[in-house]
Amino acid sequence: MARGPRVYLRPLEESDAAALAGFTADETETFFLGRGRIPASPLAFAAWIRNIGARQPPQTLELAVCRVTDDHLLGYVGVWELDWVHGTGEVDIALWPASERGRGYGTEALRLLLDLTFGTYQLRALRAFVWSANARSAAVLTRVGFRPAGRLRTAVVKSGFHLDQLAFDMTDRDWLSPVRAGNTKICSGTYQV
Amino acid sequence: MRNQILAGERLYLRPLETSDAASLAAFSAAETESFFDEGRVPHSPIALEHWITELHRRQPPRAIQLAVCLREDDKFIGMLGVSRLDWVNRTGESESYLGDVAARGKGYGPEAKWLLLEYIFDHLQLHVIRSFVWQPNWRSAAAVRHQGYREAGRLQTTATKHGVYQGEFVFDLLRDEYLAGRERWRAEQAGRKQRVTGAIGA
């Protein structure tokens with residue numbers, strides 16, 4: 021559906037469920053990732069993937085992130101709570117394993133998603149929420165052009181700690197503006213670096 | 051009162067019923083305020099009945115919506131609830147809608163909202179609640195501020211009306227702040243009653 025230099029996005033398939041459950045079970049960065057202790061079985065992931073396609077127009081757009089060189093599944097990126105009237109939604113992204121993080125795959129996948137949602141699906145604004153301890157996700161969002169929009173207090177509890185949630189948002193103008201710093205791209209479904 | 055969950059002086063909250071769907075559709079059709087962002091999406095009795103049925107299908111629920119009814123005659127005047135329930139982190143998003151136009155401006159909204167907050171914090175045991183208010187909806191923004199919600203941020207563009215995109219205020223409210231706000235509101239109500247009684251006595 022969208023292809024970058026190192027990763028591409030495709031629809032999630034039911035056969036991805038086992039890999040996603042395995043990724044979740046092997047997660048090492050459990051402190052700042054949500055739902056790390058809720059069982060995520062292959063069956064639960066398969067049902068989730070099936071449901072994505074069951075509703076038309078979809079309320080959720082979730083795409084597999086795969087490596088170009090070997091088609092290896094790295095995770096998923098998407099928009100949920102899609103509002104087709106107002107053109108809004110909430111971005112989420114998950115990449116595994118932890119050793120693959122910090123290599124720019126997330127940034128590239130997110131830029132592909134933004135190009136798809138703003139350029140093809142004509143959404144007007146996206147928001148994202150990140151736990152305050154998850155500095156890496158906050159940095160990725162900022163890098164691709166999301167703007168800090170606020171801070172919700174004690175939104176999550178982890179190991180007895182209450183963590184805040186950082187809010188971010190981005191409009192289509194932010195993304196499609198050719199002068200936007202850091203977003204060197206074309207708007208035809210893929211971007212160039 | 052029928053199937054009451056919580057009762058105040060003039061109102062009570064009960065679970066939504068499929069028979070409320072027709073009233074909700076009628077409220078939507080008769081809406082006079084222009085700042086509701088979904089005012090032009092068709093709200094048919096059939097669609098709303100389906101929505102109410104679906105609310106009760108999932109356990110534990112992801113959203114709880116309660117009907118607001120008058121104590122004196124059981125009249126259904128609106129609904130409020132909590133959505134995006136996160137049972138692990140004890141959070142959710144509060145929503146309120148006084149659909150019956152004739153019931154607005156009579157203090158029912160605050161009374162219903164304090165009942166909802168009691169339900170959220172004392173019954174569901176959530177520890178923080180958030181609220182998203184569309185910028186043109188100044189009445190709701192003022193109400194949640196008065197109830198003690200703190201402005202946590204502002205999203206730039208969340209909905210359009212007549213071709214104009216506007217943002218959304220983000221608010222949050224901790225349990226301690228709710229308790230302080232409720233005491234403040236009760237004191238205000240007591241003061242008001244005292245003034246009324248005094249005026250009658252004089």
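Protein chains in written order, with this note's numbering: chain W, 21 to 213; chain B, 51 to 252.
Beta carbons: idealized from backbone N, C-alpha and C, even for Gly.
Once you ignore the five residues that flank residue i on each side, which residues in its own chain have a CB closer than 7 Å to its CB?
| i | result |
| --- | --- |
| Arg64(B) | Arg52, Asn53, Gln54, Ile55, Leu116, Ala117, Cys119 |
| Leu143(W) | Gly107, Thr108, Gly109, Thr137, Asp192 |
| Val170(W) | Per the sequence presented here, residue 170(W) reads as Gly, with Val not at that position. Contacts found: Ala187. |
| Gln206(B) | Gly217 |
| Thr82(B) | Val151 |
| Asp46(W) | Pro117 |
Hey, residue i and residue j are a contact pair by Cβ (cut 8 Å); roughly how many whole angstroms apart?
| i | j | result |
| --- | --- | --- |
| Ala148(W) | Leu161(W) | 5 Å |
| Ala72(B) | Pro95(B) | 5 Å |
| Asp222(B) | Arg123(W) | The pair is not a contact, with the Cβ atoms about 35 Å apart (cut-off 8 Å). |
| Leu32(W) | Glu101(W) | That pair is no contact at about 17 Å. |
| Gly128(B) | Gly149(B) | 5 Å |
| Leu105(B) | Leu66(B) | 7 Å |
| Phe219(B) | Ala192(B) | The pair is not a contact, with the Cβ atoms about 11 Å apart (cut-off 8 Å). |
| Arg121(B) | Tyr62(B) | 6 Å |
| Glu165(B) | Gly231(B) | In the sequence on display, residue 165(B) carries Leu and not Glu. About 13 Å separates the two Cβ atoms, so there is no contact after all. |
Report all residues from its chain with a CB closer than 8 Å to the CB of residue i; omit the five preceding and five following residues, and keep chain order.
| i | result |
| --- | --- |
| Glu143(B) | Val132, Ser133, Arg134, Ile179, Arg180, Ser181, Phe182 |
| Gln175(B) | Arg140 |
| Leu29(W) | Met21, Ala22, Arg23, Leu83, Ala84, Val85, Cys86, Val97, Ala129, Leu132, Leu133, Leu136 |
| Pro77(W) | Leu102, Trp104 |
| Ala202(B) | Arg180, Val220, Phe221, Asp222 |
| Val150(W) | Ser157, Ala158, Leu161, Gln185, Leu186, Phe188 |
Please report whether the beta-carbon of residue i lies at a distance below 8 Å from any beta-carbon of chain W.
| i | result |
| --- | --- |
| Asp222(B) | yes |
| Ala97(B) | no |
| Gly203(B) | yes |
| Gln239(B) | no |
| His93(B) | no |
| Ala80(B) | no |
| Gln206(B) | yes |
| Arg140(B) | yes |
| Thr210(B) | yes |
| Arg236(B) | no |
| His100(B) | no |
| Tyr215(B) | yes |
| Arg112(B) | no |
| Arg180(B) | yes |
Which two residues bound the contiguous beta strand (DSSP E) that contains residue i?
| i | result |
| --- | --- |
| Val183(B) | 178 to 184 |
| Thr191(W) | 181 to 191 |
| Thr80(W) | No beta strand (DSSP E) contains Thr80(W), which DSSP labels as neither H nor E. |
| Ile55(B) | Neither: Ile55(B) is in no beta strand (DSSP E) and is coded neither H nor E. |
| Trp104(W) | Note, Trp104(W): premise wrong, no beta strand (DSSP E); not H, not E. |
| Phe126(B) | 126 to 136 |
| Leu205(B) | 200 to 211 |
| Pro31(W) | 27 to 31 |
| Ala148(W) | 145 to 151 |
With 8 Å as the threshold, decide whether the Cβ of residue i is near any Cβ in chain B.
| i | result |
| --- | --- |
| Val88(W) | no |
| Leu83(W) | no |
| Asp135(W) | no |
| Ala169(W) | yes |
| Arg147(W) | yes |
| Val164(W) | no |
| Asp36(W) | no |
| Asp189(W) | yes |
| Leu172(W) | yes |
| Val176(W) | yes |
| Arg30(W) | no |
| Thr48(W) | no |
| Ala201(W) | Because Ala201(W) sits at a pLDDT of 44, beneath the cut-off of 50, its placement in the model cannot be relied upon, and the following sentence gives the value as read from the coordinates. For Ala201(W), the answer is no, since every Cβ of chain B falls outside 8 Å of its Cβ. |
| Tyr211(W) | Because Tyr211(W) carries a pLDDT of 41, less than 50, the predicted location of this residue cannot be relied on, and no value is offered for it. |
| Gly44(W) | This sequence places Thr at residue 44(W); Gly is not what is there. Cβ-Cβ to chain B under 8 Å: no for Thr44(W). |
| Arg217(W) | The structure shown does not extend to residue 217(W), since chain W is modelled only from 21 to 213, so the question has no answer here. |
| Thr108(W) | yes |
| Arg144(W) | yes |
For residue i, collect the residues of the same chain with a Cβ closer than 6 Å to its Cβ; drop the 5 residues on either side in sequence, then sort them by chain order.
| i | result |
| --- | --- |
| Ser78(B) | His93 |
| Ala129(W) | Val27, Val85, Val97 |
| Phe43(W) | Trp116 |
| Gly213(B) | none |
| Arg225(B) | Phe171, His177 |
| Ala60(W) | Ala41, Thr44 |
| Gly209(W) | Only weak support is given to the placement of Gly209(W): the predicted model assigns it a pLDDT of 41, under 50, and the question is left unresolved by the model. |
| Thr80(W) | Ile72, Trp100 |
Could you spell out where the alpha helix (DSSP H) holding residue i opens and where it closes?
| i | result |
| --- | --- |
| Glu128(W) | 125 to 134 |
| Gly73(W) | 62 to 74 |
| Glu168(B) | 158 to 168 |
| Val214(B) | Val214(B) -> not in any alpha helix (DSSP H); beta strand (DSSP E) instead, spanning 214 to 224. |
If contact is defined by three or more beta carbon pairs under 8 Å, each pair taking one atom from either stretch, is the region 135 to 145 of chain W in contact with the region 113 to 121 of chain W?
no
Is the region 230 to 238 of chain B touching the region 160 to 167 of chain B, taking contact as three or more C-beta pairs under 8 Å?
yes
So, does the region 175 to 188 of chain B touch the region 104 to 113 of chain B, judging by three or more C-beta pairs under 8 Å?
no
Per the contact definition of three or more C-beta pairs closer than 8 Å, is the region 191 to 201 of chain B in contact with the region 81 to 101 of chain W?
no
Contact between the region 103 to 110 of chain W and the region 61 to 73 of chain W is defined here as three or more beta-carbon pairs at a separation below 8 Å; is this criterion met?
no
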